[in-house]
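2 protein chains.
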Amino acid sequence: MKLGIAVVFTLMMLSGNPPSRSHASKSFNGFDLVDKTGNILRKPNDYRDSFQILGVFGVKDPIPMAPGGAQEQGMEELHYTYASPGTAEYYRKTGKFPDGAVLVKEVDTTETGRLTTGDAHWASGTKQWFVMIKDEKNRFPNNPLWAEGWGWALFKADAPDKQVATAFTKDCQGCHLPVSSTDWIYIQGYPVLSAK
Amino acid sequence: MKLGIAVVFTLMMLSGNPPSRSHASKSFNGFDLVDKTGNILRKPNDYRDSFQILGVFGVKDPIPMAPGGAQEQGMEELHYTYASPGTAEYYRKTGKFPDGAVLVKEVDTTETGRLTTGDAHWASGTKQWFVMIKDEKNRFPNNPLWAEGWGWALFKADAPDKQVATAFTKDCQGCHLPVSSTDWIYIQGYPVLSAK
Numbered sequence: 786m787k788l789g790i791a792v793v794f795t796l797m798m799l800s801g802n803p804p805s806r807s808h809a810s811k812s813f814n815g816f817d818l819v820d821k822t823g824n825i826l827r828k829p830n831d832y833r834d835s836f837q838i839l840g841v842f843g844v845k846d847p848i849p850m851a852p853g854g855a856q857e858q859g860m861e862e863l864h865y866t867y868a869s870p871g872t873a874e875y876y877r878k879t880g881k882f883p884d885g886a887v888l889v890k891e892v893d894t895t896e897t898g899r900l901t902t903g904d905a906h907w908a909s910g911t912k913q914w915f916v917m918i919k920d921e922k923n924r925f926p927n928n929p930l931w932a933e934g935w936g937w938a939l940f941k942a943d944a945p946d947k948q949v950a951t952a953f954t955k956d957c958q959g960c961h962l963p964v965s966s967t968d969w970i971y972i973q974g975y976p977v978l979s980a981k
Numbered sequence: 786m787k788l789g790i791a792v793v794f795t796l797m798m799l800s801g802n803p804p805s806r807s808h809a810s811k812s813f814n815g816f817d818l819v820d821k822t823g824n825i826l827r828k829p830n831d832y833r834d835s836f837q838i839l840g841v842f843g844v845k846d847p848i849p850m851a852p853g854g855a856q857e858q859g860m861e862e863l864h865y866t867y868a869s870p871g872t873a874e875y876y877r878k879t880g881k882f883p884d885g886a887v888l889v890k891e892v893d894t895t896e897t898g899r900l901t902t903g904d905a906h907w908a909s910g911t912k913q914w915f916v917m918i919k920d921e922k923n924r925f926p927n928n929p930l931w932a933e934g935w936g937w938a939l940f941k942a943d944a945p946d947k948q949v950a951t952a953f954t955k956d957c958q959g960c961h962l963p964v965s966s967t968d969w970i971y972i973q974g975y976p977v978l979s980a981k
């Protein structure tokens with residue numbers, strides 16, 4: 786009888802494992818990157834391997850982030866946007882980004898060359914990373930980097946682990962305002978959000 | 786005693802499950818796409834959700850695939866290359882693509898617009914897909930679409946499930962010859978192969 790109970794208990798323990806494991810590997814909690822007062826402490830370490838690409842924007846003559854900076858004529862950048870696992874599938878089903886979802890926009894400089902496909906450019910190095918964390922619950926109303934349903938962060942290549950944005954209104958709002966009606970995201974470049 | 790055996794057997798069955806499941810979700814056998822004589826029957830269905838992006842080339846004035854076709858002036862394409870799960874990690878460890886690995890290059894037309902980042906372009910639709918399957922064992926020496934350690938395939942948007950390449954030498958070799966020394970892959974555009 787004792788052995789019988791042990792069997793049942795063992796079965797419960799073991800059969801409970803695979804789903805929770807599989808769930809863990811399929812989800813990523815963006816709030817693991819955040820402290821109690823809403824400071825975004827780091828970007829996800831492993832996004833190139835474990836996140837999903839949403840899409841890439843090619844940008845000619847990019848406008849620098851620094852206020853008052855001049856346009857960089859003749860430059861070409863590639864902006865790669867990755868999302869935490871499950872984000873695209875959830876968005877296709879619901880039209881919304883799930884609470885805790887993380888988006889990483891990697892801003893890459895490029896090399897260019899004449900390849901067999903045409904005049905090509907490809908990523909040569911990363912300048913900076915924009916990170917957004919979806920917050921459906923307005924968790925940090927007093928933190929200037931949480932606004933409009935997201936946490937907003939910026940990491941630059943010279944100190945890639947240091948969050949350097951100071952306020953949504955100062956560092957983020959201006960560039961994202963044109964897409965406020967699509968939850969502040971440039972969804973036109975992310976076809977996987979609308980169809981597989 | 787019988788119950789004891791049952792317990793041990795049950796434990797073996799159950800404890801065997803999670804690793805094999807997790808392995809299954811982490812690997813993709815490209816030869817599932819191939820028949821006995823080496824015909825590549827289809828492209829992977831779910832690559833946008835389940836494969837990993839290796840990198841994206843922006844291509845200005847792309848050269849059309851069709852022999853003798855003129856360069857498309859003023860056009861801009863984005864070429865997204867995805868790899869089956871585990872490919873990048875394996876390549877970083879060994880410097881090689883694993884047997885059965887699948888690469889999908891999605892060739893996208895673009896829309897362009899003045900965005901807050903600069904003169905941007907982003908994917909608007911897919912023209913065609915190039916598919917490569919790594920074959921370390923020279924499995925199909927008599928099939929003209931298997932050569933140089935890979936199976937080579939092409940699918941076009943007007944019939945996305947129909948493989949239309951006829952021979953490596955005719956449809957594939959010319960464009961890939963410049964990178965024959967890096968296993969025929971344009972690895973310079975795929976930074977995730979060299980570092981995370």
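Protein sequence lines, in the order shown, are assigned to chains A and B. Following this note's numbering, the numbering of the first sequence begins with 786 at its first residue and continues without gaps. Following this note's numbering, the numbering of the second sequence begins with 786 at its first residue and continues without gaps. Ideal Cβ positions, reconstructed from N, Cα and C, are used throughout, including at glycine. On a predicted model such as this, the values are computed, not experimentally measured, just so you know.
Have a look at residue i and residue j and give me their C-alpha separation to the nearest angstrom.
i                : j                : result
Lys922 (chain A) : Ala868 (chain A) : 20 Å
Lys821 (chain A) : His961 (chain B) : 52 Å
Lys919 (chain B) : Asp817 (chain B) : 12 Å
Glu896 (chain A) : Asn927 (chain A) : 42 Å
His864 (chain B) : Glu891 (chain B) : 6 Å
Val949 (chain B) : Val819 (chain B) : 14 Å
Ala809 (chain B) : Leu839 (chain A) : Any reading at Ala809 (chain B) is ruled out, since the residue's pLDDT is 36, under 50, leaving its predicted position unreliable.
Thr894 (chain A) : Glu862 (chain A) : 5 Å
Arg877 (chain A) : Asp943 (chain B) : 25 Å
Ser909 (chain B) : Gln913 (chain A) : 26 Å
Phe940 (chain B) : Tyr832 (chain A) : 30 Å
Phe842 (chain B) : Thr902 (chain A) : 10 Å
Asp946 (chain B) : Asp946 (chain A) : 44 Å
Gly959 (chain B) : Met860 (chain B) : 22 Å
Pro849 (chain A) : Gln858 (chain A) : 11 Å
Ser965 (chain B) : Gly880 (chain A) : 44 Å
Pro963 (chain B) : Ala938 (chain B) : 19 Å
Thr967 (chain B) : Cys957 (chain B) : 15 Å
Thr951 (chain A) : Pro929 (chain A) : 7 Å
Ala980 (chain A) : Arg899 (chain A) : 33 Å
Phe953 (chain A) : Leu888 (chain A) : 16 Å
Phe836 (chain A) : Tyr975 (chain A) : 14 Å
Pro829 (chain B) : Thr866 (chain B) : 13 Å
Asp834 (chain B) : Lys955 (chain A) : 34 Å
Is residue i helix, strand or coil when you go by DSSP?
i                : result
Tyr832 (chain A) : helix
Ser812 (chain A) : coil
Asp912 (chain B) : Residue identity check: residue 912 (chain B) is Lys in the sequence provided, not Asp. In the structure shown, Lys912 (chain B) sits in a strand (DSSP, three-state: E or B).
Ile848 (chain B) : coil
Ile838 (chain A) : strand
Asp820 (chain A) : coil
Thr903 (chain A) : The identity of residue 903 (chain A) in the sequence shown is Gly, whereas the question assumes Thr. Reduced to three states, the DSSP call for Gly903 (chain A) is strand.
Ile970 (chain B) : coil
Hey, quick one: how far does the alpha helix (DSSP H) through residue i stretch, first residue to last?
i                : result
Thr954 (chain B) : Phe953 to Asp956
Arg877 (chain B) : Thr872 to Thr879
What is the residue span of the beta strand (DSSP E) that residue i lies within?
i                : result
Glu921 (chain A) : No beta strand (DSSP E) contains Glu921 (chain A), which DSSP labels as neither H nor E.
Ala868 (chain B) : Glu861 to Ala868
Glu891 (chain B) : Val887 to Leu900
Ala738 (chain B) : The requested residue 738 (chain B) does not occur in the structure, where chain B is confined to residues 786 to 981.
Lys941 (chain A) : Trp935 to Lys941
Ala944 (chain B) : Ala944 to Gln948
If you drop the 5 nearest sequence neighbours on each side, which residues of the same chain put their C-beta closer than 6 Å to that of residue i?
i                : result
Pro883 (chain A) : Tyr875
Phe925 (chain B) : Gly823 and Trp931
Glu933 (chain A) : Trp969
Lys845 (chain B) : Glu861
Among the residues of its own chain, which have a CB less than 7 Å from the CB of residue i, if the five just before and after it don't count?
i                : result
Trp935 (chain A) : Met917, Ile918, Lys919, Asp920 and Trp969
Ala886 (chain A) : Gly815, Ala868, Ser869, Thr872 and Lys919
Trp907 (chain A) : Thr895 and Glu896
Ser812 (chain A) : Pro870 and Gly871
For residue i, collect the residues of the same chain with a Cβ closer than 8 Å to its Cβ; drop the 5 residues on either side in sequence, then sort them by chain order.
i                : result
Leu826 (chain B) : Leu818, Val819, Asp820 and Gln948
Leu978 (chain B) : Leu839, Ala873, Tyr876, Arg877 and Ile972
Ala905 (chain B) : Thr897, Gly898 and Arg899
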